[in-house]
Amino acid sequence: MTHTHPWWYDAVVYQVYIRSFADAMPSPGDGIGDLPGITARLPYLRALGVDALWITPFYTSPQKDHGYDVADYTDVDPLFGDLADFDRMLAAAHDLGLRVIVDLVPNHTSSAHPWFQAALAAAPGSPERARYLFRPGRGKHGELPPNNWDSVFGGPAWTQVTDGSWYLHLFDTSQPDLDWRNPEVGDMFEDVLRFWLDRGVDGFRVDVAHGLYKEASLRDQRKPDPTTLKKKAKAKESMVERVLNDEPMWDQPEVHEVYRRWRKVLESYPGERMAVAEAWTQTPESMALFIRPDELHQAFNFSWLGTPWSAAEFADVITRSIAAVASSSSAPTWVLSNHDVERHPTRYGGGPVGLARGRAATLAMLALPGSAYLYQGEELGLEQVDVPPEARQDPSWFRTGKPGRDGCRVPLPWAGDAPPYGFGGPAGTQPWIPQPADWAPLTVEAESADPDSTLAFYRRALALRREVFAGADEETVASAQGDLLVVRRAGVRVVLNAGKKPVELPAGEVLISSSPLESGLLPPDTAAWIR
Ligand code: NOJ
Numbered sequence: 001m002t003h004t005h006p007w008w009y010d011a012v013v014y015q016v017y018i019r020s021f022a023d024a025m026p027s028p029g030d031g032i033g034d035l036p037g038i039t040a041r042l043p044y045l046r047a048l049g050v051d052a053l054w055i056t057p058f059y060t061s062p063q064k065d066h067g068y069d070v071a072d073y074t075d076v077d078p079l080f081g082d083l084a085d086f087d088r089m090l091a092a093a094h095d096l097g098l099r100v101i102v103d104l105v106p107n108h109t110s111s112a113h114p115w116f117q118a119a120l121a122a123a124p125g126s127p128e129r130a131r132y133l134f135r136p137g138r139g140k141h142g143e144l145p146p147n148n149w150d151s152v153f154g155g156p157a158w159t160q161v162t163d164g165s166w167y168l169h170l171f172d173t174s175q176p177d178l179d180w181r182n183p184e185v186g187d188m189f190e191d192v193l194r195f196w197l198d199r200g201v202d203g204f205r206v207d208v209a210h211g212l213y214k215e216a217s218l219r220d221q222r223k224p225d226p227t228t229l230k231k232k233a234k235a236k237e238s239m240v241e242r243v244l245n246d247e248p249m250w251d252q253p254e255v256h257e258v259y260r261r262w263r264k265v266l267e268s269y270p271g272e273r274m275a276v277a278e279a280w281t282q283t284p285e286s287m288a289l290f291i292r293p294d295e296l297h298q299a300f301n302f303s304w305l306g307t308p309w310s311a312a313e314f315a316d317v318i319t320r321s322i323a324a325v326a327s328s329s330s331a332p333t334w335v336l337s338n339h340d341v342e343r344h345p346t347r348y349g350g351g352p353v354g355l356a357r358g359r360a361a362t363l364a365m366l367a368l369p370g371s372a373y374l375y376q377g378e379e380l381g382l383e384q385v386d387v388p389p390e391a392r393q394d395p396s397w398f399r400t401g402k403p404g405r406d407g408c409r410v411p412l413p414w415a416g417d418a419p420p421y422g423f424g425g426p427a428g429t430q431p432w433i434p435q436p437a438d439w440a441p442l443t444v445e446a447e448s449a450d451p452d453s454t455l456a457f458y459r460r461a462l463a464l465r466r467e468v469f470a471g472a473d474e475e476t477v478a479s480a481q482g483d484l485l486v487v488r489r490a491g492v493r494v495v496l497n498a499g500k501k502p503v504e505l506p507a508g509e510v511l512i513s514s515s516p517l518e519s520g521l522l523p524p525d526t527a528a529w530i531r
């Protein structure tokens, strides 16, 4: 396999949601995944055929948002092990030829971070407060929040402290937003980057990469009224006119200076260190700004994940995503599931149809240029779990009363017939989010023994991807022929039947299909690679 591109350009990256991947400590485990658990399961990832893993935050944290609330950016939370466990995991991954990307959370700290604790102890207007966004309230006595912004997790984005000031948190109250206009903040994060780069990480996934700067005025948001929402829905149909939201809290131009600085830091290290942005921008074009040649290397392409089950929509999003990155030195990225969204087989309708569609979308994705991000458990065909209310832990559940994201975060089933399915922890106990009683056929053990399992399918598809598409640089052309998505790349035709009837397969050798074929026909909800 010849590689003219850096490793990340066409890598398959497997997302490890650490709390739910594998639990090894303290032996036999406490029901929460950890670093030694990852180390123990690295051979599984090697055999699956991925190139890298991205590990969600394992830093010191009160775990109010399961690690996305960091109290110490340069240490490991005792729940997950310690720095020596991290070093062992990294060395073991590198020995197996796996790269490791860690999560960086620069938009906000935990309220337990020493900076925020110092800010609370200090007076309004003090340098300690100036690292965050403290403001006086509105109303006669400052009893109203400084503006009308909402938290992503529901409710107002401001919380009042005892002296009457308010602080901004675009997420939970336990996640105060930093003020990136204060140079101390940028300097702190450069130190954090260097700390992990010195330890040998291959890259960073940048949390809320589009959020660090807010419009300086902190003015009210013009919230979309119902007519605009209708127009937006129409715009989506026509794909021409797009009505954008007014978002003074996201995607400000100043943020790009941060990534120019980080790019220089990353490039000062040997070994193609990289960073991938989690940037929920409003258009593929604004997403592309994050991956200009002097900024970050990649950005997640969430438009693929949000595409409904339609050949025309798939073709459109593929074409637009490829075009959007064409002016950068980057490549597109593709993602169908992660720890924040409903698992894709469930999104596609659930049950056997949802699973068939999920496998078909995955097979199409693995043929596309650029890199693919997989989320743990999708290789087992796991569905979103309906977690009982008393077991829910997502901060957004507590703020809104809506089910939240726990259903895609249920610990992985590795083996056996009953919880904890080899995840770790004492026999007969449930892990931190309870696992369903009917997962026995979905364990790694069970699926490894079945050549028709989703796991076997992922292994075959990943191996073939290396064989067929490695280093392929030719143009990729996607089109919809009725309900059939057709993608041409590297002499291969990728077809996906998004319709309701079987269709004639194009002539050629079938390299792989996502479900069994019916004598020369491609059934609905099925994809195939044909050469
Ligand atoms: C995005 C992360 O993926 C999500 O899990 C987290 O809650 C928010 N950022 C806040 O850090």
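Each residue of the sequence shown is one higher than the one before, starting from 1 at the first, in full-length UniProt numbering.
We treat Cβ as the ideally placed atom computed from N, Cα and C, and that holds for glycine.
Between threonine 362 and the set Arg138, Ala47, Asp150 and Gly381, the nearest pair of CA atoms involves Gly381. With distances taken between CA atoms, arginine 465 lies nearest to Met365 out of Glu390, Pro419, Met365 and Pro403. Annotation for phenylalanine 204: the continuous beta strand (DSSP E) segment containing it runs 203–206. Look at the beta carbons and you see the region 198–216 touching the region 99–108: at least three pairs across the two are nearer than 8 Å. For aspartate 69, the number of other beta carbons within 10 angstroms of its own is at least 16, and it is reported as buried. Remark: fewer than three beta-carbon pairs, one from each stretch, lie closer than 8 Å, so the region 287–297 and the region 218–227 are not flagged as touching.
Residue pairing by DSSP leaves leucine 462 without any beta bridge partner. Remark: C-beta atoms of alanine 311 and phenylalanine 290 do not approach each other more closely than 7 Å.
In this structure, Arg194 is the residue among Pro248, Val255, Arg194 and Ser329 with its C-alpha nearest to the C-alpha of serine 268. For tyrosine 132, the beta-bridge partners assigned by DSSP are Leu178. Taking the C-beta atoms as reference points, leucine 170 is found no nearer than 7 Å to alanine 93.
Separation of serine 448 and isoleucine 512 (C-alpha to C-alpha, rounded to the nearest whole angstrom) is 18 Å.
Its chain contains Asp23, Gly29, Gly31 and Pro431 as the residues whose beta carbon lies nearer than 6 Å to that of glycine 425, once the 5 sequence neighbours on both sides are disregarded; these appear in chain order.
A straight-line Cα-Cα distance of about 7 Å links valine 201 and leucine 90. Closest in alpha carbon position to aspartate 172, among Val161, Phe300, Ala123 and Pro156, is Pro156. In terms of Cβ geometry, aspartate 525 and alanine 324 do not form a close pair [threshold 7 Å]. Excluding sequence positions up to five before and after isoleucine 318, its CB lies within less than 6 Å of the CB of Ala478, all in the same chain and listed in chain order. Judged by beta-carbon spacing, tyrosine 167 lies beyond the 7 Å limit of tyrosine 213, meaning their Cβ atoms are not closer than that value. Where alanine 324 is concerned, the enclosing alpha helix (DSSP H) starts and stops at 311–325. Here valine 385 carries a coil assignment [DSSP, helix/strand/coil].
A check of alpha carbon separations from cysteine 408 across Gln376, Glu474, Gln481 and Tyr421 identifies Gln376 as the nearest. When Gln282, Trp7, Gly186 and Asn245 are compared, the shortest CA-CA separation from arginine 260 is found for Gly186. The alpha-carbon separation between alanine 391 and isoleucine 433 amounts to approximately 6 Å. Contact between proline 183 and glutamate 215 does not hold, since their C-beta atoms are separated by about 19 Å, which reaches or exceeds 8 Å. The Cβ-Cβ distance between proline 62 and alanine 112 falls below 7 Å. Straight across, the Cα-Cα distance linking threonine 307 with tryptophan 180 is about 33 Å. Secondary structure of leucine 96 (DSSP, three-state): coil. Using a 10 angstroms sphere on the CB of aspartate 82, the tally of other CB atoms stays under 16, which defines it as exposed. Each residue's CA atom was taken as its position, placing alanine 40 and glycine 139 some 56 Å apart.
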